[in-house]
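So the sequence shown is residues 2 to 141, counted in the working numbering. We put the CB at the ideal spot given by N, CA and C, even for glycine. Just below is one structure, and these are the notes that go with it.
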Amino acid sequence: GNPVPVDRADLTADEARELDAQLRPAPGITDGVRAALAGATAMMDLSDGLVLDAGRMAAASGVTLDLRRDALGPHPDDALSGGEDHGLLATFPATDAVPDAFQIIGVVREHGETPVLVDGAPFEGSGGWDPYRDWDSSRG
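What follows is the structure, encoded as structure tokens:
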């Protein structure tokens, strides 16, 4: 898209916080170390969208991840399929092992027909941004 000039004074507090997160991301690098020390069984960065990245994790682990929409904040659809996030997705063996920097947003289930469920049902939509979805090696 094209840049749009914005006066910061015209932004709501939430909009200003979202703008700051986009322009000055602060990834919690040490959170990954804390998660590993707490016994994380799988972990990856979230950058292409929660459902898309959770699907990658689930497929690599041979499980299904069931995400809870009510655990994803005030804009769950944005959380599920938005990209450009700076965070970590991890699985832990028990809820008491989850470090403070993480919040429980779902559960790991036995491998099913789809790698990711949302509230027990398959997610309808792209689930994020896949930079290679339409890539054609013959075009470069």
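Label residue i either buried or exposed according to how many other C-beta atoms from any shown protein chain fall within 10 Å of its C-beta, with 16 as the threshold for buried.
i	result
P26	exposed
I106	buried
V7	exposed
L24	exposed
V52	buried
G50	buried
L47	buried
A61	exposed
G56	buried
A14	exposed
D54	buried
A95	exposed
I think residue i touches residue j, with their Cβ atoms under 8 Å apart; what is that distance to the nearest whole Å?
i	j	result
D67	G121	6 Å
G29	A102	6 Å
R9	A17	7 Å
A98	A39	5 Å
What does DSSP give as the partner residue(s) for residue i in the beta ladder?
i	result
V108	D67
A95	BP columns for A95 are empty, so no partner.
V117	L66
A10	Per DSSP, none; premise fails for A10.
P100	BP columns for P100 are empty, so no partner.
Using 8 Å as the threshold, is the stretch 57 to 75 in touch with the stretch 108 to 116, meaning 3 or more CB pairs across them? yes
Is the stretch 71 to 91 touching the stretch 31 to 48 in the sense that three or more CB pairs, one from each, lie closer than 8 Å? yes
At 3 residues or longer, and completely inside the stretch 13 to 87: list those beta strand (DSSP E) runs for me, N to C. 43 to 47 and 64 to 68
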